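First comes the structure, then the notes that go with it.
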Amino acid sequence: MRLVIADDHPLFRMGLKYALINQGFDVVAEAADGLAALDACRTLQPDAALLDVKMPGMTGIEVCERLRLSNPGVVSVLITTFAEPAIVQAARAAGARGYVSKETDPESLARQLRDIVANPEVDRLPHVNVPRLTPRESEVLPLLAQGYSNKEIAKNLGVSPDTVKDHLARLYAKLDAGDRTEAVSRARSIGLLH
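Residue numbers (the working numbering): 21 to 214.
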């Protein structure tokens, strides 16, 4: 199987290349940024592109999107440290066919890549549950993220501070958060806040 690998960390990229070669893959090109990865895929037409999510110039997700439109025969697989829900959703929309953790051992990586390329129609990206917010909760959340106090949120929305407390309690429960900071952090990670 012919692969293009792309990661902006040279040491990781070199280790990944040799791990894949030792597992029987043909690494036809390696790239340090998204633009170089896209060029290599367009020129060499590999079976798959193994792309780091965060790279300079063009992210792995942007490369997936462009490959889906211009080179649909190249299977895009993302490799990263964290499967943040917002990133997973963006990757799915861009056409990525799989996600592999950088903590995966070489044998598991090889097995996953072979499976993804053999069956690209199967969605192997983690599924993310995004809670459904009420219209009022959707108004409270950005104000919370901006650091407004309960009184300030109440004044801004024309409700009582007790009503704001009720909305916050429901937001915390939906986001599985223990406090304001954790609620905002979780909301950002699943794409409810940008």
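Backbone N, C-alpha and C fix where the C-beta goes; we use that ideal spot for every residue, glycine too.
Note that the structure is predicted; figures quoted are calculated from it, not measured.
Check the Cα spacing between D46 and each of L133, G178, S158: the tightest is with L133.
DSSP places E123 in the coil class of the three-state scheme, outside both helix and strand.
R152: not part of any alpha helix (DSSP H); DSSP gives it neither H nor E. Contact between A69 and V97 is confirmed by a C-beta separation of about 7 Å, below the 8 Å threshold.
A Cβ-Cβ separation of about 6 Å places I99 in contact with K122 under the 8 Å criterion. In the DSSP annotation of this structure, A57 is not part of any beta strand (DSSP E); the continuous alpha helix (DSSP H) holding it starts and ends at 54-64. Cβ neighbours of P151 within its own chain (closer than 7 Å, five residues either side excluded): K194, L195.
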